[in-house]
Amino acid sequence: MKYMIVCFAVLLLASCGNGSKQEELVKYETMVVKADTLTYKVFIPASLHGIQEVEVLPQVSGIIRQVNFTDGVKVSKGQTLFVIDQTQAKLAVQNAQANLAAAKAQMETTRLQYDSKKKLASKKVVSDYVLSTSLNAYHVAQAAVQQAEASLAIARTNLSYCTVTSPITGMIKENGYKIGELADMSEMLCTVSDNSQVQAWFSYTESQLLELMDQYDLKATAKGLEDVDGKPIGEKLPKLTLQLKNGQTYKHQGTVTEIGGIVDRQTGTVICKCTFPNPEDELRSGLSGTLVFPTKIKKAFRIPRSAAVRLQDQLMFYRVKKDGTVEGVLCDAIPSNSGNHYYVKNGLRNGDEVVVTGAHKLSNGMKIR
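Numbering of the sequence shown is given in our numbering, commencing with residue 2 and proceeding in unit increments.
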């Protein structure tokens, strides 16, 4: 509700030397404020990551003989990406196979010897000591076979490591390795990112997090933030839109799936994640954008921007008292997305009458009616 209030300022004018007094009318527009739940959009920078990102490292060192992909293409789980020189690994397998064959032959020899000693011992031709010694030799030979089998398994595994395959299905990004270069076990060969869904990572300050919990009735639990009714936060918070760097808005909306439970001591922020479907593969890991987050303010006042008087980093609004004088009230307020209004969160009360035009001309205690 708006009113027109007339302030009479008496000015003494020296006109024609007669010293007459005239009255100038100064008009102030006011409004009666009423609290409401208001919604505005918050724009938050975000970085995009695939739902799963895997760094591919070789498990053996050697010269790269094959590179079987093109950077930026989609690869399938199990697809061969690199082939590392297999010469040494194949020789190791052959050597392990030979050692296993020798161990098996030795085991068979000791078994035959033990069977012979056992027959002789039954006829009291050899002593129990000789029989026990023969049995122990057979057991040692059995252990040698097991050891040779393990060595062969290791050699075959190392040979398989010479073929580097994709651990997941996704988009691949190479790390600059070419045919003929040395692959080292400590160096990453490439990255594979599952972009079937893409997560937008963004940060919330501690104060923003507390406001969010209040606005949407969330509570902290052992599983993270949840609705007071126990529902996941994705069902409680609004869907978010994503603005890309080219100014376009991504066609699918995202769901907030994670709000970090630990505030970083250095930055004072928590990491949050919003998940977007990516059926057309339009989003790629590594891109950046801006999330549009509809935010509610409970019990706030919508007041025209013209009513605010800025005092350094604070905003003041003039409230009309019952006696017709005004008083300045410092308020916590944020600008609306249009920029034409302020949303005042505290400092005023329901039913307060606030000056909305000419506020910069007022001062505390000034009578306007």
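Glycine residues also receive a C-beta, built at the ideal position from the N, C-alpha and C atoms.
Only residues of its own chain outside the window of five on either side were considered, and among them none has a CB closer than 6 Å to the CB of T268. In this structure, K368 and T326 form a Cβ contact; the two beta carbons are roughly 5 Å apart against a cut-off of 8 Å. Each of R285, A201, S208 and A97 was checked against the Cα of C273, and the nearest Cα belongs to A201. For R112, the three-state secondary structure derived from DSSP is helix.
A309 sits in coil when the DSSP states are folded into three classes, being neither helix nor strand.
With a cutoff of 8 Å on beta-carbon distance, V356 and T38 are scored as not near each other. Excluding five sequence positions before and after L288, the CB atoms of its chain that fall closer than 7 Å to its own CB belong to L49, given in chain order.
Within the same chain, M172 and I173 come within 8 Å of V74 by CB-CB distance, once the 5 residues on both sides are set aside. Annotation for V264: no alpha helix (DSSP H) segment contains it, and DSSP assigns it neither H nor E. Around the beta carbon of V271, a 10 Å sphere encloses 16 or more other beta carbons of the protein chains shown; the residue is thus reported as buried. In this structure, Y217 lies near K237, with their beta-carbon atoms less than 8 Å apart. Selection N347, N159, K105 and V199 evaluated against V94 yields N159 as nearest (Cα-Cα).
The Cβ neighbour count for D185, taken over all protein chains shown within 10 Å, is under 16; the residue is labelled exposed.
Below 8 Å, too few C-beta pairs join the region 45 to 59 and the region 120 to 134 to call them touching: fewer than three. Approximately 5 Å separates the beta-carbon atoms of A360 and V310; this is inside 8 Å, confirming the contact.
At least 8 Å separates the beta-carbon of L211 from that of I234. Residue state for A221 is assigned as strand, using DSSP reduced to three classes.
S286 is a Cβ neighbour of S194, given a cutoff of 8 Å. Here K42 is exposed, its C-beta having fewer than 16 other C-beta atoms within 10 Å.
The shortest CA-to-CA distance from Y343 to any of Q315, K323 and G366 is the one to Q315.
Contact annotation, F203 with P46: C-beta distance approximately 7 Å; criterion of less than 8 Å satisfied.
C-alpha of L190 to C-alpha of G177: approximately 8 Å in a straight line.
In the DSSP assignment, L183 forms a beta bridge with I64.
The Cβ atoms of Q244 and T291 lie closer than 8 Å to each other. Scanning N100, N279 and C275 for the CA closest to the CA of A154 turns up N100. For T258, same chain residues with a beta-carbon under 6 Å away, outside a window of 5 residues either side, are G235, K274 and T276 in chain order.
DSSP places E175 inside the beta strand (DSSP E), whose first and last residues are G171 to E175. When the five nearest sequence neighbours on each side are left out, no beta carbon in the same chain lies closer than 7 Å to the beta carbon of G248. Each of L136, A102, G51 and V131 was checked against the Cα of I169, and the nearest Cα belongs to G51.
A direct Cα-Cα distance of roughly 30 Å separates A221 from S197.
Residues of the same chain with a CB within less than 7 Å of the CB of T206, apart from the 5 flanking positions on each side, are G269 and T270 in chain order. Excluding sequence positions up to five before and after R112, its CB lies within less than 6 Å of the CB of Y139, all in the same chain and listed in chain order. When T296, L226 and D230 are compared, the shortest CA-CA separation from G262 is found for L226.
Note on the region 36 to 62: whole beta strand (DSSP E) runs with a minimum of 3 residues are 37 to 57, in chain order. V84 and Q148 have their C-alpha atoms some 29 Å from each other. V165 places its beta carbon 8 Å or farther from that of L92.
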